[in-house]
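Have a look at the structure below before the remarks.
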Amino acid sequence: MSELTNSSETDMNIKKLLLNERIILLLIILNAFVIFIQEFNYNSLILQYTDNLFILIFTAEILVKVQDKGWKKYWASKWNRLDFITVSLALLSFILELTDLPYLNSLEFITTFRVLRLFKSFRLIKFVPNISSILAGVNQAIKASYVVVLSFFILLFIVAILTCSLFREIAPEHFGTPLNSLYSVFRIFSIEGWYEIPDLIAERTSTFVSFLSKLYFCLLLFGGGILGMSLINSIFVDAMVSDNNDELEKEVKELNKKIDVLLKELKLKEKNTNP
């Protein structure tokens, strides 16, 4: 009987540890540090075994939470979904490492799956202070600005095809294909080395053509880079700020209602005391 009680107490203590968010946060930080050291190509069996141990601990954490809350309540939380996905990806890479089969190890995609264990570090996001309100503001901003963003990418697509047809032969390394042209035009829109491409085209063409090409890219920079990107940024930031203002306005309205109720009560007391 004493052995059974001791084992049950041990199980309860382990469950409490796995349900303690502070301990899980500490384990995630330690695991991220281990992954950081491993990326220096510092091959160590101790680090590898430690990383695998973290995977098993996080898997046990999910099992304990599911047992404690039930699958429906567990899956109802967005953060639990994030934990489940990231740990599942890491567990998949762990299982692939255990399967020491020649035909599996020869496949290139196994290396990609092993990188999936890095996703465990994404769990740190849930411990950021006020992260829920921040993500809610970002979600509101995306909903408010998705039409402008979609219009911007349509403009980018059209300009990329036009630029590809104009400068394919002159600068094939930048506009040889529509995909290369899309990337190059996006670089210009983001004001990243925008002058290098026009200067390269100017070196390979006549004076008149170089002048027109520079004028063309200046218009692209002004229309897409300065106006387009600035418009997206302003709408996105305004949506996030307005979302915070809505919450403040609700709180102010609630305070005004409470103040009105207090004033009415005070007036009633004055009438009762001074008939």
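Reminder that position 38 of the sequence shown reads as 67 in our numbering, one-by-one numbering, no gaps. Even glycine gets a Cβ: it sits at the ideal position worked out from N, Cα and C. Note that the coordinates shown come from a computational prediction; the quantities given were computed from them, not determined experimentally.
Residues of its chain near Leu56, where Cβ-Cβ distance is below 7 Å and the 5 sequence neighbours each way are ignored: Phe83 and Ile86
Does the pairing of the stretch 43 to 62 with the stretch 90 to 98 give three or more beta-carbon distances under 8 Å? Taking 8 Å as the limit for Cβ pairs, the verdict is that the stretch 90 to 98 does touch the stretch 43 to 62.
Helix, strand or coil: how does DSSP classify Ala231 here? The three-state reading of DSSP puts Ala231 in helix, counting H, G and I together.
Short of 7 Å in beta carbon distance, which residues of its chain neighbour Lys107, apart from the five on each side in sequence? Order them along the chain. none
Can you round the beta-carbon distance between Glu218 and Leu260 to whole angstroms, since I take them to be within the 8 Å contact cut? It is worth fixing the name first, because residue 218 is Phe in this sequence and not Glu. Incorrect: roughly 12 Å between the Cβ atoms, too far for contact.
With 16 other Cβ atoms within 10 Å as the buried cut-off, status of Arg152: buried
For Asn60, count the other beta carbons within 10 Å of its own beta carbon; 16 or more makes it buried, fewer makes it exposed. Which is it? Buried, since its Cβ has 16 or more Cβ neighbours within 10 Å.
Would you report the Cα separation of Pro201 and Leu195, rounded to the nearest angstrom? 11 Å
With DSSP collapsed to three states, give me the class of Thr192. helix
List the whole-angstrom C-beta distance separating Trp223 from Gly254, where the pair is believed to meet the contact cut-off of C-beta under 8 Å. Correct: roughly 7 Å between the Cβ atoms.
Ser213 vs Ile226 beta-carbon contact at 9 Å: yes
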